[in-house]
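Novice: The following block contains the structure, expressed as structure tokens.
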Amino acid sequence: MKFIFRKDQENTFYALYTIVEDTVDLQSKLGKPEVYNIIDCTDTQGNDVKSSKKRVGYDSDNNLIFEDANMLFPDLEGINGFAADLVEEGSAEKIACAQVWKQADFSSMTFPLNRSLGLISEDIGTTWVEDFHTL
Numbered sequence: 001m002k003f004i005f006r007k008d009q010e011n012t013f014y015a016l017y018t019i020v021e022d023t024v025d026l027q028s029k030l031g032k033p034e035v036y037n038i039i040d041c042t043d044t045q046g047n048d049v050k051s052s053k054k055r056v057g058y059d060s061d062n063n064l065i066f067e068d069a070n071m072l073f074p075d076l077e078g079i080n081g082f083a084a085d086l087v088e089e090g091s092a093e094k095i096a097c098a099q100v101w102k103q104a105d106f107s108s109m110t111f112p113l114n115r116s117l118g119l120i121s122e123d124i125g126t127t128w129v130e131d132f133h134t135l
């Protein structure tokens, strides 16, 4: 797998453009690959970012930097509101994820809840699907 970042965005966790499999022809898909910073990653790293368990950035030496992608839900009303606001559009996987979240019962969770969307999704029986550009 490869992380595709916007070039010249070192030390920020919001520069990720997309994640691609090694089989993708980057030259034909990106058009101008020179405006991106392309860094190899393991399948585990890619999957952790895809499922919003981790955020990723890179430093000036092109080393990957990871941090937990936790969100803070102060109370049951907060997480229920977040779930209710999920939009059911995009890929079939994303729509299914949103539907599971909207039907989930979060009342057994302890608040405040500081946990990643990926891990909360696993708790309720689904896989979080992040909005990345697709190539």
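Residues in the sequence shown are numbered from 1 upward in steps of one, following this note's numbering. Backbone N, C-alpha and C define an ideal beta-carbon position, used for all residues, glycine too. Computed from a predicted model, the values in this text were never measured in an experiment.
In angstroms, rounded to a whole number, what distance separates the CA positions of Ile19 and Asp105?
Specialist: Walking along the sequence shown from the start, residue 19 turns up at place 19. Walking along the sequence shown from the start, residue 105 turns up at place 105. Between Ile19 and Asp105, the C-alpha separation is close to 31 Å.
Novice: Can you confirm whether the stretch 25-44 touches the stretch 71-81 when touching is taken to mean that 3 or more C-beta pairs between the two stretches lie within less than 8 Å?
Specialist: no
Novice: What does Asn68 pair with, by DSSP beta-bridge criteria?
Specialist: As a position in the sequence shown, residue 68 is number 68, starting the count at 1. In the sequence as presented, Asn is not what sits at residue 68; that position holds Asp. Answer is Lys54, bridged to Asp68.
Novice: My guess is that Ser52 and Trp101 are in contact by the Cβ rule of under 8 Å, so how many angstroms apart are they, rounded?
Specialist: Within the sequence shown, numbered from 1, the residue matching residue 52 stands at position 52. Within the sequence shown, numbered from 1, the residue matching residue 101 stands at position 101. No, Ser52 and Trp101 are not in contact; Cβ-Cβ is about 12 Å, not under 8 Å.
Novice: Measuring CB atoms only, is the stretch 53-62 touching the stretch 2-18, in the sense that at least three cross pairs come out at less than 8 Å?
Specialist: With the cut-off at 8 Å, the stretch 53-62 and the stretch 2-18 touch.
Novice: Nearest to Ala83 by alpha carbon, out of Ser91, Gln99, Met71 and Asp68?
Specialist: In the sequence shown, residue 83 corresponds to position 83, counting from 1. Comparing Cα positions, the closest option is Gln99.
Novice: Relative to the C-alpha of Glu93, which candidate in Asn63, Val24, Glu10 and Ser121 has its C-alpha closest?
Specialist: Here residue 93 refers to the residue found at position 93 of the sequence shown. Cα-wise, what sits closest to Glu93 is Ser121.
Novice: When you compare each of Val49, Met1 and Asn114 to Thr23 by their alpha carbons, which one comes out closest?
Specialist: On the sequence shown, position 23 is the one that residue 23 refers to. The shortest C-alpha to C-alpha distance from Thr23 to any of Val49, Met1 and Asn114 is the one to Met1.
Novice: Just tell me which of Thr42, Phe73 and Ala69 has its CA closest to the CA of Leu113.
Specialist: Sequence index remark: in the sequence shown, residue 113 carries index 113 (1-based). Selected option, being the one with the closest Cα: Phe73.
Novice: Secondary structure at Asp22, three-state DSSP: helix, strand or coil?
Specialist: Here residue 22 corresponds to residue number 22 of the sequence shown, with the count starting at 1. Coil, per DSSP.
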